[in-house]
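S.K.:
Numbering (our numbering), first residue to last: 12 to 141.
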């Protein structure tokens, strides 16, 4: 089996990257994207060989996504808009903008990813964003 080419969005400190590594599934993370400077420092320490883009997801063009040539996406978008304990702003909460951008970009990619693994909170499954 050829290794999966993985794009890690909202990468944080790399929890999903580590879980993928421990799964034993042949994979190569082609890039990780996060805006949190502290999390990015930890990510760079944990995965120095992975390209880390310290920018907003909305700041990445369709062409840049296509150049990454991935066939799997790992992502853990902000949960605050969906949590049952919070304000439940759903897609009106500005913290969903990056996720909505991804949903807009996905069908326009030259090649759709074969797999998408999305982690979120209870409440996401009944949101408009799902």
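By construction, the Cβ of each residue, glycine as well, lies at the ideal position given by its N, Cα and C atoms.
Can you tell me whether residue 84 is helix, strand or coil according to DSSP?
M.R.: strand
S.K.: Cα-Cα, which of 122, 117, 79, 88 is closest to residue 27?
M.R.: It is 88 whose Cα lies nearest to the Cα of residue 27.
S.K.: With 16 as the cutoff for other CB atoms within 10 Å, does residue 70 come out buried or exposed?
M.R.: That one is exposed.
S.K.: Around the Cβ of residue 67, are there at least 16 other Cβ atoms within 10 angstroms (buried) or fewer (exposed)?
M.R.: Its Cβ having fewer than 16 others within 10 Å, residue 67 is exposed.
S.K.: To the nearest angstrom, how far is it from the Cα of residue 77 to the Cα of residue 24?
M.R.: 24 Å
S.K.: Under the assumption that residue 73 contacts residue 44 (Cβ atoms under 8 Å), give the Cβ distance between them as a whole number of angstroms.
M.R.: Contact flag wrong, Cβ pair sits at about 14 Å.
S.K.: Using only alpha-carbon positions, find the residue among 34, 58, 53, 30 that is nearest to residue 41.
M.R.: 58
S.K.: Mind checking which residues open and close the beta strand (DSSP E) that includes residue 130?
M.R.: Per DSSP, residue 130 belongs to no beta strand (DSSP E) and is neither H nor E.
S.K.: Residue 163 to residue 18, Cα distance in whole Å?
M.R.: The displayed coordinates of the chain run from 12 to 141. Any statement about residue 163 would go beyond what the structure contains.
S.K.: Are the beta-carbon atoms belonging to residue 32 and residue 81 less than 8 Å from one another?
M.R.: no
S.K.: Can you confirm whether residue 80, when its beta carbon is compared against all beta carbons of chain B, has any partner nearer than 8 Å?
M.R.: Considering every chain present, this structure includes no chain B. It has just one protein chain.
S.K.: In whole angstroms, give me the CA-to-CA distance for residue 50 and residue 84.
M.R.: 19 Å
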